[in-house]
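Just add 3 to wherever you are in the sequence shown, counting from 1, and you've got the numbering used here. These notes are about the structure you will find just below.
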Amino acid sequence: MSGMILKIKNSFSCAKTEYLKWLLSTRMIILLIVVIFIHSFAIQPLLQNAALMNDKLSILEPFVAVANSSLLILILPITFLTMIADFPKIDTNTVFSIMRTGRYSWLTGQIIKLVMMAATFLAVIFAGTVIPLLARASFSLRWSRTVTEFAKTFPEKSGNFGSSLLQANLYNQMSLSEAAVKSFLLVFVYLIILGLILLGFSLIKRKTLGFVLCGAVISLGTAFYSIRSILMWLLPMANSITWLHFTRYFEQPVVSMRFSVVYLISFTALLIAFCYVSIEDFNYDNVAEITT
């Protein structure tokens with residue numbers, strides 16, 4: 004029992020040390036740039052519509068819009084991959100750490116670090132959509148009139164970008180708080196899947212192939228989504244977009260949320276199992292070979 008506790012402590016210690024290094028790295032500038040882009044790309048159009056309606060946005064609506072945007076759901080995973088490009092970081096010091104803590108404790112630490120990085124990434128995106136609106140938005144958990152009635156009030160502007168950010172498929176089918184929670188969690192698991200692909204293929208000394216596969220997952224998911232092919236449900240992207248599961252008015256979903264949850268969890272579990280199998284044959288004698 005004490006040995007198990009020690010292994011858990013080693014895993015968290017390893018994760019904490021590497022996570023703090025990542026958090027304090029210059030890559031955080033990339034995240035800041037993305038937050039600024041999101042403000043001008045998504046939040047400003049919503050605020051302009053709210054001004055026309057003489058209304059206030061609900062505080063969670065900008066984040067839901069970001070997590071369900073067809074463009075931003077492409078930009079967010081690419082940005083996240085850029086920020087974790089050296090994950091898992093393996094150098095001479097890391098090799099000594101693996102030897103000291105053990106293979107499985109180190110791997111568990113890497114998975115914990117990945118969870119912390121993905122959560123931090125989305126938390127910063129969430130904060131970037133909420134903080135600028137603290138004095139300008141309503142703290143109601145109901146959909147605002149700007150979202151639900153703009154097209155009816157200004158039919159000539161119903162096709163503008165701000166009104167297209169939040170689909171009727173979403174606000175007609177669930178509450179704002181439910182949409183925010185589901186959007187956060189689905190995108191979160193999507194990011195975890197990409198990170199696990201990098202981790203798993205690094206363990207078999209094929210990190211470059213891991214990047215290629217991540218790119219394929221993102222690009223194919225985007226392509227199938229763009230043409231609304233049924234094949235899009237075979238990839239994580241469509242399953243992580245909440246509004247895509249529903250029609251505008253009917254209760255019967257296009258694809259059930261339960262399917263997407265089971266799919267994403269199963270995909271994640273499969274990748275974790277792949278990582279733990281790969282670590283058994285992991286040879287860290289040649290650091291240069293591992294990191295390519």
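From the three backbone atoms N, C-alpha and C, an ideal C-beta is built for every residue, glycine too.
- Shown here for residue 135: same chain residues with a beta carbon closer than 8 Å to its own, the five before and five after excluded, namely 42, 46 in chain order.
- Along the length of the stretch 210-295, whole beta strand (DSSP E) runs at least 3 residues long do not occur.
- Around the beta-carbon of residue 155, fewer than 16 other beta-carbon atoms lie within 10 Å, marking it exposed.
- Three or more beta-carbon pairs separated by less than 8 Å are not found between the stretch 148-165 and the stretch 206-220, which leaves the two stretches without contact.
- Annotation for residue 180: the continuous alpha helix (DSSP H) segment containing it runs 179-206.
- Between the beta-carbon of residue 38 and that of residue 165 there is about 19 Å, and that puts the pair past the 8 Å contact cut.
- Closest by C-alpha distance to residue 120, out of 90, 267, 262, is 90.
- Counting every other CB atom within 10 Å of its CB across the protein chains shown gives residue 191 a total of 16 or more, marking it as buried.
- With a minimum length of 4 residues, the unbroken runs of alpha helix (DSSP H) contained wholly in the stretch 26-99 fall at 31-41, 47-55, 64-70, 75-86.
- Distances from the CA of residue 187 to each of 82, 110, 122, 77 were compared; the closest alpha carbon is that of 122.
- Looking at 146, 200, 60, the one whose alpha-carbon comes closest to that of residue 180 is 146.
- In this structure, residue 61 places its C-beta atom within 8 Å of the C-beta atom of residue 143.
- If the five residues before and after residue 14 are omitted, its C-beta is found closer than 7 Å to the C-beta atoms of 108, 111, 112, 115, all from its own chain and listed in chain order.
- Annotated three-state conformation of residue 161 is coil, per DSSP.
- Secondary structure of residue 143 (DSSP, three-state): coil.
- With at least 16 other beta carbons inside 10 angstroms of its own, residue 174 counts as buried.
- Here residue 117 has 198 as same chain residues with Cβ atoms under 6 Å from its own Cβ, once five neighbours each way along the sequence are excluded.
- For the options 20, 233, 163, 34, the alpha carbon positioned closest to that of residue 79 is the one of 34.
- Residues of the same chain with a CB within less than 6 Å of the CB of residue 249, apart from the 5 flanking positions on each side, are 172, 176, 256 in chain order.
- Residue 241 is classed as buried because its beta carbon has at least 16 other beta carbons within 10 Å across all chains shown.
- The residue among 97, 32, 70 with its C-alpha nearest the C-alpha of residue 85 is 32.
- Nearest in C-alpha terms to residue 227, of all of 65, 77, 44, is 77.
- Residue nearest to residue 183 within the set 245, 53, 258, 223 is 245 (criterion: CA-CA distance).
- Looking at 87, 103, 252, the one whose alpha-carbon comes closest to that of residue 10 is 103.
- By alpha-carbon distance to residue 162, the top candidate from 271, 30, 48 is 48.
- Taken atom to atom, the span from the alpha-carbon of residue 26 to that of residue 253 is near 44 Å.
- Counting the other Cβ atoms within 10 Å of the Cβ of residue 57 gives fewer than 16, which makes it exposed.
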